[in-house]
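Peer 1: Quick one: structure below, then a few questions.
Residue numbers (the numbering used here), protein chains in the order written: chain E, 6 to 622; chain H, 35 to 869.
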């Protein structure tokens with residue numbers, strides 16, 4: 006397997022420090038409200054909080070009962086209420102209601118709101134408007150970064166994507182800047198900063214301002230370079246089906262905050278099991294970046310090895326047996342347990358994925374990426390919608406079609422949309438409005454001549470041929486950015502060549518050799534060229550906004566060849582997928598460097614699209 | 035040097051000395067006679083109100099302000115009411131308390147700053163007497179009114195008036211009173227003849243000083259020490275009683291034998307000194323009283339006032355300015371005649387050394403033998419700090435430096451910092467500056483405050499020099515001074531905006547931690563909005579620019595600055611401000627030009643004010659968004675009529691937006707809703723609100739085929755969809771009969787393979803087989819395999835001579851049971867391959 010570590014791979018910094026910092030601050034904040042108190046926690050903060058401070062620690066600091074914020078009237082007998090929430094208007098409004106209803110009932114309590122990672126003026130305005138500003142105290146828990154793994158850091162802000170890219174609400178920009186500033190203050194400054202995208206630029210600016218305000222500390226840096234990238238630079242990658250093990254697990258079982266819940270079908274018992282998925286899990290660590298088709302073989306090999314290890318017992322004398330039980334057995338048992346879990350998971354995934362549908366889906370996807378047989382793809386998508394296979398999947402294919410083809414023909418656009426609405430209801434008009442706004446699903450603005458020609462041709466020949474003809478026409482007129490980009494950066498390898506997934510030769514292996522993720526390719530190119538020179542055309546097609554700056558630490562010092570110089574921090578604004586992380590790990594191995602991913606949240610096609618639905622009440 | 039002790043006078047254990055600080059630079063015709071005088075502690079400025087007694091109706095009193103050395107700082111005729119008392123605040127502002135209880139505040143240069151009142155009660159009954167005092171809370175004012183009640187404000191910057199309780203039996207003005215701070219509370223001590231009371235917030239408590247000699251029938255004067263710890267009283271019998279201010283302990287009592295009431299009395303006690311002592315002043319006579327029966331008498335030529343200090347008393351007369359203090363321990367040790375203290379010996383050694391005499395060695399040896407050399411150096415350094423004459427300072431420091439040479443590990447900090455301090459002190463004591471600070475006072479007041487004082491006096495260059503010399507961190511030192519300078523500069527009306535902005539930016543350019551916004555605020559306050567805007571341009575932090583811009587009503591600029599900063603909180607602040615400030619139309623117009631602010635406000639409205647959101651879209655004629663808005667509103671609406679009405683609005687908007695697709699889709703939805711309701715009423719099936727697809731499925735599953743067909747036609751559902759849908763629905767219902775009918779109704783647009791597959795999915799092989807024959811040749815193999823008919827599949831595959839299909843079938847055969855078949859297939863495969 007190609008997944009063995011290179012021996013010269015640089016050491017990664019110790020990120021557990023970030024957890025400790027966060028924990029200490031939280032404890033400090035809790036102690037600001039002495040005495041017993043009930044703690045209300047935002048639902049989506051539960052898991053991250055658990056990684057920082059578990060219930061025992063909270064209890065030690067006089068937290069009496071824990072509640073999830075449910076935006077309903079509360080039942081609590083405590084005289085002190087503490088709310089640990091994200092700075093959302095809705096939640097603050099709910100807290101105001103709680104306070105006001107207490108007031109109406111003549112009940113006196115102390116309230117404290119801890120906003121994390123920061124508080125927003127808007128929230129304070131709500132408190133003021135609801136007339137409770139004087140009744141609550143507010144604080145900030147600057148818990149910016151949760152280390153999910155050795156090389157994955159997350160802000161755990163899924164709403165970043167929708168807020169920033171759809172609503173145009175830039176309030177999280179400063180959060181991004183603060184997170185980088187935190188990393189810098191703990192782990193030393195960066196020598197070079199690259200980025201692309203509007204949000205990336207703003208985050209960098211906000212970070213720069215923080216740097217200027219703060220004291221300058223010259224320390225041996227632990228990272229060399231930072232790359233900031235907006236999610237909307239590359240929508241294709243997160244919309245593709247993931248076929249690398251970790252990504253697949255995320256697509257099917259949904260990894261939440263670094264852990265996944267395997268249902269009874271995986272555990273082959275009647276219980277669900279929660280498993281942490283990170284590099285601590287030896288079995289998982291070896292297969293997480295593998296193409297799914299290899300996983301089974303690997304696991305069975307592993308099982309055999311394990312069996313051999315167990316079999317060593319035979320023919321041991323007492324002494325040896327004692328040593329075996331003391332040293333190895335526990336490890337083997339542990340490995341055994343994990344192995345059986347992952348085999349279970351693989352089986353369950355296999356069942357789902359080897360079905361006809363999935364294969365066809367993949368085929369459609371690959372055709373779209375290559376720009377082949379588009380008419381067939383559209384038919385296929387149509388059938389998919391008509392049969393109501395899965396709403397999100399249908400949307401995913403529609404978006405993928407639109408992006409790769411630079412928008413849909415009006416005719417297709419309308420008919421597909423109409424079909425979709427018939428299947429899933431009128432409210433998706435709003436979803437479509439959102440997708441359009443983000444440029445995920447658009448109507449082609451065909452030239453006048455083309456439409457005229459099309460209608461003429463349409464009258465002459467029957468429907469099917471007309472479709473093909475229009476395809477031909479439009480491909481002539483189209484200035485499809487994805488196609489051009491794909492050509493320029495050779496994202497899609499030449500079809501026809503055999504691609505050995507066991508010995509990946511480039512990052513395309515994460516999509517069965519069909520496509521190199523644009524985001525990762527960009528990172529590779531920029532790092533290779535140490536900037537954007539030579540990529541002018543590419544960045545123009547991506548709407549520009551690229552930048553490259555020499556960072557805080559002076560350059561002479563940065564030149565020194567330390568391990569740190571080979572560690573690159575990549576910040577995804579708006580989320581990144583496990584497939585991208587796998588691709589970067591692969592790239593790192595190829596180049597002898599290590600990538601650390603800092604993302605606003607882990608995403609995948611389903612999460613991305615769900616964020617754009619408009620059924621939020 | 036021999037003269038150092040010339041002005042020393044012994045009193046008990048200690049010595050007292052009177053040194054001249056300045057010969058006053060002012061030229062006062064009548065001295066201080068008939069003047070109201072106030073001198074600030076810590077060598078602060080002196081204020082005089084001359085000509086209070088009106089000689090003619092047109093004559094106005096003159097208010098003059100001088101430095102401690104008598105240099106004029108300001109002078110102007112007094113035009114307001116009758117002044118009862120002058121006093122200085124801790125920040126060098128002059129307070130003028132008028133008869134009616136109004137207090138006017140002036141700056142050091144006579145600029146009027148503000149005024150405040152001491153309350154109605156005071157203005158009605160007029161001010162009888164006033165005391166201005168300093169406490170840890172700032173500068174306070176205490177007033178005795180004509181109604182013989184006390185009113186108190188502990189901090190004039192945060193005025194909270196307190197009216198103290200009545201003093202029992204007080205008929206006329208009390209013989210004397212004082213303010214003291216105890217237990218974090220300001221209290222008033224009042225003497226009414228021989229009775230003494232302490233007034234606090236709640237009560238008036240009679241007290242008696244322990245051991246006060248009984249001969250007295252009245253307490254005529256009292257004073258509290260600088261630290262409020264000690265109290266001194268003088269009685270009409272001429273006894274001076276000294277004790278702690280809590281009246282628990284008596285320290286000493288001295289009979290002065292002078293029965294006339296003194297003009298002024300002040301404590302003269304240095305910190306850590308053992309002996310209590312007070313200075314009492316009569317016309318032409320000054321008396322220092324301490325523990326012993328003896329007193330020191332000084333003759334006064336001129337009308338004088340006493341200014342109590344931390345470590346002594348300053349005496350200001352029409353011509354001179356002197357400091358009277360107990361001789362500090364270190365000085366006494368060194369200079370006392372025939373002193374054998376190590377410091378004295380070291381000084382002597384150094385003198386001999388200068389004379390190149392070998393006696394120097396003898397002295398040194400004497401000190402070293404007792405191993406007191408480091409002590410000697412310390413004494414010399416300390417004494418230098420207490421000396422006023424630079425020559426004496428130098429001599430002592432040289433001696434210290436000389437002694438240091440013979441010590442190996444003596445830490446140099448004390449010596450170095452003393453040298454620096456003295457240099458600064460000598461600079462500010464200079465006649466032209468006129469701040470006669472002692473070293474003790476300097477340490478107490480801190481460098482920060484000294485810099486402030488220099489800044490108040492507009493001595494910016496000196497302040498900067500001091501900062502640089504003492505290496506104060508730039509942020510607290512130079513930058514702060516520059517900021518004050520700039521704030522002053524922007525108020526200079528005679529210069530143009532450009533000149534000032536340039537001057538300020540040039541001077542401040544490379545100073546760290548300068549807040550241009552503060553300077554701009556100052557400019558704005560002095561009415562120079564344009565200059566303020568210019569200055570704000572230099573402010574690197576947008577967060578600092580925005581609030582001022584808002585204050586200056588430059589809201590568009592504020593908004594764009596806020597947006598530039600990328601700080602949404604800031605944008606939000608401005609938006610919220612504008613929302614309240616502007617009328618709705620203007621507000622929306624402004625948002626319209628700022629998309630970032632607009633989207634932010636929209637986000638807020640989404641949660642807080644739905645209607646505003648609608649207005650926003652209306653304003654922009656954004657029909658598309660309005661349409662979306664109505665659609666969204668519709669599915670929150672429970673009642674069907676309202677829902678349809680909302681959808682109708684959406685339709686209208688979509689048409690306006692020329693979005694026919696959405697309009698049509700919405701119209702369809704309305705039609706669907708009506709249809710669903712009608713059917714729901716007729717058939718009792720819950721249908722309202724489901725998508726078309728679901729609705730049809732539901733209709734089919736309850737057997738309402740006709741209605742489903744109707745929808746199929748009305749909504750022009752594609753054939754394929756309808757066939758899929760019906761197929762699934764019927765299979766779900768296991769209505770095989772109907773399914774068969776359906777299959778035969780006409781040619782299936784989706785082919786017949788789905789029929790086979792769906793039947794198999796519902797585990798009905800029998801039904802599935804019915805459709806296998808109908809499947810197109812291309813899908814035959816799949817169909818056969820789906821129903822598990824390997825042989826059939828083989829037949830079909832062989833017939834089609836397709837190699838790949840034969841392989842597919844082969845993979846499904848097991849070689850044991852289907853031996854013959856496998857053979858046949860292999861053969862066929864071979865022939866197919868040949869072709």
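The beta carbon of each residue, even a glycine, is placed where N, CA and C say it ideally should be.
Quick one: what's got a C-beta closer than 7 Å to residue 731 of chain H's C-beta in the same chain, skipping five residues either side?
Peer 2: So the list reads 759, 763, once near-sequence residues are dropped.
Peer 1: Taking 8 Å as the threshold, find out whether the stretch 723 to 740 of chain H comes into contact with the stretch 424 to 434 of chain E through three or more Cβ pairs.
Peer 2: With a cut-off of 8 Å, the stretch 424 to 434 of chain E and the stretch 723 to 740 of chain H count as touching, because enough Cβ pairs lie within range.
Peer 1: What residue from H/790, H/70, H/718, H/499 has the CA that sits closest to residue 164 of chain H's CA?
Peer 2: The candidate whose alpha carbon is nearest that of residue 164 of chain H is H/70.
Peer 1: Along chain E, which residues have their Cβ under 9 Å away from the Cβ of residue 629 of chain H?
Peer 2: Chain E residues near residue 629 of chain H: 173.
Peer 1: So with CB distances below 8 Å, who are the chain H contacts of residue 329 of chain E?
Peer 2: In chain order: nothing, as chain H lies at least about 43 Å away.
Peer 1: Between residue 178 of chain E and chain H, is any beta-carbon pair separated by less than 8 Å?
Peer 2: Chain H, which has a Cβ nearer than 8 Å to the Cβ of residue 178 of chain E, makes this yes.
Peer 1: Go ahead and label residue 264 of chain H buried or exposed: buried means 16 or more other beta carbons lie within 10 angstroms of its beta carbon, across all protein chains shown.
Peer 2: Buried, because 16 or more other Cβ atoms sit within 10 Å of the Cβ of residue 264 of chain H.
Peer 1: Whose CA, out of H/699, H/305, H/738, lies closest to the CA of residue 750 of chain H?
Peer 2: The shortest Cα separation from residue 750 of chain H among H/699, H/305, H/738 belongs to H/699.
Peer 1: Are any of the Cβ atoms in chain H nearer than 8 Å to that of residue 391 of chain E?
Peer 2: Answer yes: the Cβ-Cβ gap between residue 391 of chain E and chain H drops below 8 Å somewhere.
Peer 1: Figure out for me which residue from H/224, H/223, H/155 has the closest Cα to the Cα of residue 196 of chain H.
Peer 2: If we check each option's Cα against that of residue 196 of chain H, H/155 comes out closest.
Peer 1: Is the shortest distance between the beta-carbon of residue 619 of chain E and the beta-carbons of chain H less than 8 Å?
Peer 2: Yes - at least one Cβ of chain H is within 8 Å of the one on residue 619 of chain E.
Peer 1: How is the beta strand (DSSP E) around residue 332 of chain H delimited, first residue to last?
Peer 2: Taken as a continuous stretch (DSSP letters only), the beta strand (DSSP E) holding residue 332 of chain H covers 329 to 333.
Peer 1: With a threshold of 8 Å between beta-carbons, can residue 432 of chain E be considered close to chain H, or not?
Peer 2: So, interface residue.
Peer 1: Taking the alpha-carbon of residue 584 of chain E as reference, which of E/548, E/365, E/296, E/416 has the nearest alpha-carbon?
Peer 2: Considering only alpha carbons, the answer is E/296.
Peer 1: Going along chain E, which residues have a C-beta under 8 Å from residue 727 of chain H?
Peer 2: Correct list: 393, 427, 428, 429.
Peer 1: Please return the same chain residues whose Cβ sits closer than 6 Å to the Cβ of residue 561 of chain E, not counting the five positions on each side in sequence.
Peer 2: Confidence in residue 561 of chain E is poor, its pLDDT being 44 and thus under 50, which makes the residue's placement unreliable; the coordinate value appears in the next sentence. There are no such residues.
Peer 1: Let me know the alpha helix (DSSP H) ranges lying completely inside the stretch 503 to 559 of chain E, each 4 residues or longer, listed in chain order.
Peer 2: The stretch 503 to 559 of chain E contains these whole alpha helix (DSSP H) runs: 523 to 534, 541 to 546.
Peer 1: Is it the case that the Cβ atoms of residue 105 of chain H and residue 600 of chain H are separated by a distance below 8 Å?
Peer 2: Cβ distance not < 8 Å, so residue 105 of chain H and residue 600 of chain H don't count as in contact.
Peer 1: Taking 8 Å as the threshold (beta carbon to beta carbon), is residue 98 of chain E in contact with chain H?
Peer 2: For residue 98 of chain E, the answer is yes, since a Cβ of chain H falls inside 8 Å of its Cβ.
Peer 1: Do the stretch 621 to 631 of chain H and the stretch 188 to 203 of chain E meet, that is, are 3 or more Cβ pairs less than 8 Å apart?
Peer 2: Flag = no, the stretch 621 to 631 of chain H and the stretch 188 to 203 of chain E do not touch.
Peer 1: Let me know the secondary structure DSSP gives residue 7 of chain H once reduced to three states.
Peer 2: Coverage of chain H is limited to positions 35 through 869, which leaves residue 7 of chain H absent and any answer about it impossible.
Peer 1: Please classify residue 618 of chain E: does DSSP put it in a helix, a strand, or coil?
Peer 2: The answer is coil: DSSP assigns residue 618 of chain E none of H, G, I, E or B.
Peer 1: Might you give, ordered along the chain, the residues of its own chain that have their beta carbon closer than 6 Å to the beta carbon of residue 314 of chain E, omitting 5 neighbours on each side?
Peer 2: Counting only Cβ-Cβ distances below 6 Å, and skipping sequence neighbours, we find 337.
Peer 1: Looking at C-alpha atoms only, which residue of E/547, E/217, E/143, E/368 is the closest neighbour of residue 86 of chain E?
Peer 2: Per the Cα distances, E/143.
Peer 1: In whole angstroms, what separates the C-alpha of residue 181 of chain E from that of residue 578 of chain E?
Peer 2: So the two alpha carbons sit approximately 8 Å from each other.
Peer 1: Taking 8 Å as the CB-CB limit, is residue 126 of chain E close to chain H?
Peer 2: Closer than 8 Å to some Cβ of chain H, the Cβ of residue 126 of chain E qualifies, so yes.
Peer 1: Can you tell me which of the three DSSP states residue 336 of chain H falls into?
Peer 2: Coil at residue 336 of chain H, not helix or strand.
Peer 1: What does a CB cutoff of less than 6 Å around residue 525 of chain H pick up in its chain, not counting 5 residues either side in sequence?
Peer 2: Correct list, in chain order: 560.
Peer 1: Whole angstroms is fine: what's the gap from residue 375 of chain H's alpha carbon to residue 367 of chain H's?
Peer 2: When rounded, the distance between both Cα atoms is 6 Å.
Peer 1: Hey, how far is the Cα of residue 465 of chain H from the Cα of residue 57 of chain H?
Peer 2: Between residue 465 of chain H and residue 57 of chain H, the C-alpha separation is close to 9 Å.
Peer 1: Can you grab the Cα-Cα spacing for the pair residue 532 of chain E / residue 570 of chain H, in whole Å?
Peer 2: Taking the straight line from one Cα to the other gives about 40 Å.
Peer 1: Could you tell me which residues DSSP puts in a beta bridge with residue 122 of chain H?
Peer 2: Partner(s): H/128.
Peer 1: What does residue 534 of chain H pair with, by DSSP beta-bridge criteria?
Peer 2: Paired residues: none, contrary to the question.
Peer 1: Could you check whether residue 63 of chain E and residue 71 of chain E sit closer than 8 Å to each other, using their CB atoms as the reference points?
Peer 2: In contact: residue 71 of chain E and residue 63 of chain E (Cβ atoms closer than 8 Å).
Peer 1: How big is the Cα-Cα spacing for residue 828 of chain H and residue 384 of chain E?
Peer 2: Rounded to whole angstroms, residue 828 of chain H to residue 384 of chain E spans 30 Å at the Cα level.
Peer 1: What are the residues in the stretch 261 to 285 of chain E lying within 7 Å of chain H by C-beta distance?
Peer 2: Listed by position, the residues of the stretch 261 to 285 of chain E near chain H (Cβ gap below 7 Å) amount to none.
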